[in-house]
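Have a look at the structure below, then the notes.
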Amino acid sequence: MTELLQVTDVVAGYGDGPAILNGASVTVQPGKVHCIIGPNGAGKSTLLKAICGMLRIRQGAVRFKGDSLVGLRPDQVLRRGICFVPQERALFPKMTVRENLRMGGFSLTDTTDLERRIDEIEDRFPILRDRRDQHAGTMSGGQQQTLAMARTMILKPDIVMLDEPSLGLAPKIVQEVFGIMQVMAEAGITILIVEQNALMGLKHADWGVVLDLGRTLFEGPAAEVLADPRIQELYLGGKKVA
Amino acid sequence: MAAIIQIVVLGLALGGVYALMGSGLSLIFGVMRIVNLAHPALIMSGAYVAYWGFRLWGLDPFVMLPVAMVILAATGVLLYKLVFEREAKSARYSEMTVLLTFAVAMVLEGALATAFTNTQRVTSPGYATDAFFIGSVFIPKGQLYAGITSLVIIGLLALFLKFSRFGYAIRATTQNREAAELLGVNVNLVGLVSFAIGVALAGAAGSLVSFVFSFFPSKHWEWIAVLMSLVVLGGMGSILGTVVAAYLLSVVAAFVGFFFGATWSTLTFYLALFVVLLVRPQGLFGEKPELA
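So the sequences go chain by chain: B and U.
Under numbering that gives the first Met the number 0, the residues of the first sequence are numbered 0 to 241, in order.
Under numbering that gives the first Met the number 0, the residues of the second sequence are numbered 0 to 291, in order.
Listed below in structure tokens is the structure:
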């Protein structure tokens with residue numbers, strides 16, 4: 000198996016605070032959708048932040064295409080080919096949709112190339128062309144999430160990490176969000192998604208990773224994880240789930 | 000009727016200068032979340048640069064304006080590096096920056112008073128005391144020139160923010176610092192440059208103020224309440240809001256001054272500050288403040 004990204008026994012936390020991650024590991028294979036699940040406070044979002052360079056990794060290894068990402072800043076991780084869409088407010092609400100797309104390609108210096116890439120995104124997601132001059136903050140929640148996710152495709156990254164893209168959206172819109180994720184996957188982008196709704200997330204994923212108390216409990220093909228009795232216990236049985 | 004027009008004209012003429020005084024404050028708050036209590040003291044420093052250029056070499060305040068901007072921008076870089084950069088990671092950032100800017104204001108006031116005494120100063124180019132007449136309505140030339148210049152500078156700033164690559168980075172950082180950083184913006188550099196631009200705007204405003212108002216070092220305390228009311232009414236961090244608020248309050252103050260006397264016109268700004276904070280704390284163009 001050739002991994003694109005290998006996270007091994009990572010320990011990390013906020014500032015000088017206690018470690019939130021205490022041995023988290025993930026194996027990311029090219030072209031697949033990976034879903035990280037786990038109860039509240041398991042460290043799911045923290046893991047994505049550690050990978051993208053927002054949090055300092057205290058122990059453990061993160062290797063991407065064979066190179067270590069430990070100690071890199073977010074902009075350096077971005078340039079290597081990993082995009083991170085943080086929870087909820089990933090947009091610039093008072094910039095127009097077009098301006099938000101331009102910000103997506105901020106790290107590109109060739110502006111004609113950038114405009115061409117934005118055109119491609121707008122071909123794929125026509126709603127963004129229709130709303131081009133509208134402030135991003137005035138769009139519906141689903142449209143905003145579409146913009147946040149589509150924006151990552153401008154850089155043609157290897158991996159896109161999504162932190163609970165369905166948060167606060169109506170069920171029908173959640174389906175659309177997962178639809179966009181499929182579009183991205185079909186375009187060859189490897190996906191690493193954190194999802195509160197475990198069943199929903201795993202159903203749309205190839206690979207499942209179960210995190211609890213900052214540790215990886217186990218990982219495997221999504222269908223197997225879904226059927227695993229430990230998941231039934233974590234989410235449906237013994238322990239209460241919100 | 001002529002009296003009403005006259006009041007509006009005087010209010011509008013001053014509005015532009017207030018807008019420029021407030022826009023630097025607004026920019027710095029927007030990007031850095033620093034409530035820069037030293038902003039009026041920095042404007043005061045700009046006024047002294049213009050004053051001494053005029054006094055020593057007979058240079059017009061408009062010639063001294065770019066000089067004041069450069070000197071103040073350099074001061075801004077220095078202040079940022081020495082005082083604010085180290086606080087960036089502090090958990091008590093908000094309290095610390097308020098206290099630090101207060102301290103900077105005190106130091107600047109003391110330095111200016113020591114160097115130039117507390118005597119009232121004003122630069123007096125010919126146009127400062129001249130006026131245009133349209134019928135019976137008069138427009139003071141100094142205030143008109145200062146108001147137009149202010150609008151031109153604010154317009155250039157707006158174009159820079161709207162169209163340049165760095166302007167995109169500044170706006171993005173203002174609206175969502177974390178997302179900007181994740182997209183590859185160097186938010187520390189954006190903070191430094193925005194702070195320097197904001198302080199340079201104080202320098203420009205100071206040059207214009209030098210012939211519009213008489214000034215002395217401790218007068219900046221009077222200005223801070225005025226500027227706060229503009230920034231709060233406009234919506235913290237919104238430069239457009241600050242400009243609209245400046246014109247609005249300036250005209251209202253002119254009316255108050257006409258009907259109740261000049262001493263009461265300053266009260267307009269204080270009252271506006273109270274009322275806005277009570278009734279609509281997000282101001283005209285700001286976002287609802289988050290509780291937490």
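All residues carry an ideal CB built from backbone N, CA and C; glycine is no exception.
For residue i, does the three-state DSSP call read helix, strand or coil?
i: M160(B); result: strand
i: G219(B); result: strand
i: D8(B); result: strand
i: N187(U); result: helix
i: F132(U); result: strand
i: T173(U); result: helix
i: A104(U); result: helix
i: G146(U); result: helix
i: L20(B); result: strand
i: R120(U); result: strand
i: L210(B); result: strand
i: T96(U); result: helix
i: T26(B); result: strand
i: L127(B); result: helix
i: L54(B); result: coil
i: D112(B); result: helix
i: F79(B); result: Note on identity: in this sequence residue 79(B) is Arg, with Phe being the wrong assignment. The answer is helix: DSSP assigns R79(B) an H, G or I state.
i: R91(U); result: coil
i: L191(B); result: strand
i: G40(B); result: coil
i: I138(U); result: strand
i: A60(B); result: strand
i: H203(B); result: coil
Check whether the Cβ atoms of residue i and residue j lie closer than 8 Å to each other.
i: P327(U); j: P124(U); result: Look at the range of chain U in this structure, 0 to 291, and you will see that residue 327(U) is not part of it.
i: I179(B); j: T145(B); result: yes
i: I223(U); j: S22(U); result: no
i: L71(B); j: I153(B); result: no
i: L99(U); j: V76(U); result: no
i: A40(U); j: E108(U); result: yes
i: I147(U); j: A203(U); result: no
i: I4(U); j: F194(U); result: no
i: P136(U); j: A37(U); result: Sequence check: residue 136(U) is Val here, not Pro. Contact flag unset, no.
i: L212(B); j: R229(B); result: no
i: L210(B); j: A23(B); result: yes
i: T241(U); j: A72(U); result: no
i: L272(U); j: V208(U); result: no
i: S206(U); j: L111(U); result: no
i: G207(B); j: C34(B); result: yes
Would you say residue i lies against chain B (beta-carbon separation less than 8 Å)?
i: A168(U); result: yes
i: Q281(U); result: no
i: G285(U); result: no
i: L290(U); result: Residue placement at L290(U) is poorly supported in this model, since its pLDDT is 43, which falls under 50; the coordinates still yield a value, given next. So no, L290(U) is outside the interface.
Starting from the Cα of residue i, find the closest Cα among the options and give me that residue.
i: L13(U); options: L239(U), E86(U), V275(U) and F210(U); result: F210(U)
i: G29(U); options: L277(U), L58(U) and R170(U); result: R170(U)
i: T116(U); options: V275(U), L143(U), G260(U) and P216(U); result: P216(U)
i: V69(B); options: I188(B), P17(B), V10(B) and P38(B); result: V10(B)
i: R79(B); options: L54(B), L166(B) and I158(B); result: I158(B)
i: A49(U); options: H219(U), G233(U), F214(U) and W263(U); result: F214(U)
i: F63(B); options: M53(B), V76(B), R57(B) and A222(B); result: V76(B)
i: I42(U); options: R54(U), R32(U), W51(U) and L24(U); result: L24(U)
i: G141(U); options: Y126(U), Y269(U), L19(U) and F162(U); result: Y126(U)
i: F165(U); options: L276(U), V278(U) and V189(U); result: V189(U)
i: V34(U); options: M105(U), M68(U), V242(U) and S93(U); result: S93(U)
i: V173(B); options: I188(B), E185(B), G200(B) and L127(B); result: G200(B)
i: R32(U); options: G205(U), T265(U), V97(U) and H219(U); result: V97(U)
i: L226(U); options: G15(U), L9(U) and V8(U); result: G15(U)
i: D66(B); options: L233(B), V6(B) and F124(B); result: V6(B)
i: A221(B); options: E163(B), Q195(B), H203(B) and I126(B); result: H203(B)
i: S44(B); options: I117(B), F83(B), L198(B) and T111(B); result: F83(B)
i: I138(U); options: L9(U), V275(U), R279(U) and Y269(U); result: L9(U)
i: D15(B); options: L78(U), S89(U), V62(U) and M20(U); result: S89(U)
Does the CB of residue i have a neighbour CB from chain U at under 8 Å?
i: C51(B); result: yes
i: V209(B); result: no
i: S106(B); result: yes
i: D74(B); result: yes
i: F217(B); result: no
i: P17(B); result: no
i: L77(B); result: yes
i: F83(B); result: yes
i: A241(B); result: Note that A241(B) has pLDDT 41, beneath the 50 cutoff, so the model's placement of it is unreliable and the number below is only indicative. For A241(B), the answer is no, since every Cβ of chain U falls outside 8 Å of its Cβ.
For residue i, decide whether its Cβ has a neighbour in chain D, counting only Cβ atoms nearer than 8 Å.
i: G154(U); result: Note that chain D does not occur in the displayed structure, where the protein chains are B and U.
Selection of the stretch 172-187 of chain U by Cβ proximity to chain B, strictly under 8 Å | Of all residues in the stretch 172-187 of chain U, Q174, N175, E177, A178, A179, E180, L181, L182, G183, V184 and N185 have a Cβ within less than 8 Å of some Cβ in chain B.
Got a sec: which bits of the stretch 89-104 of chain B sit with their beta carbon under 8 Å from any beta carbon on chain U, in order along the chain?
-> Here the close residues are A89, L90, F91, P92, K93, M94, E98, R101, M102 and G103.
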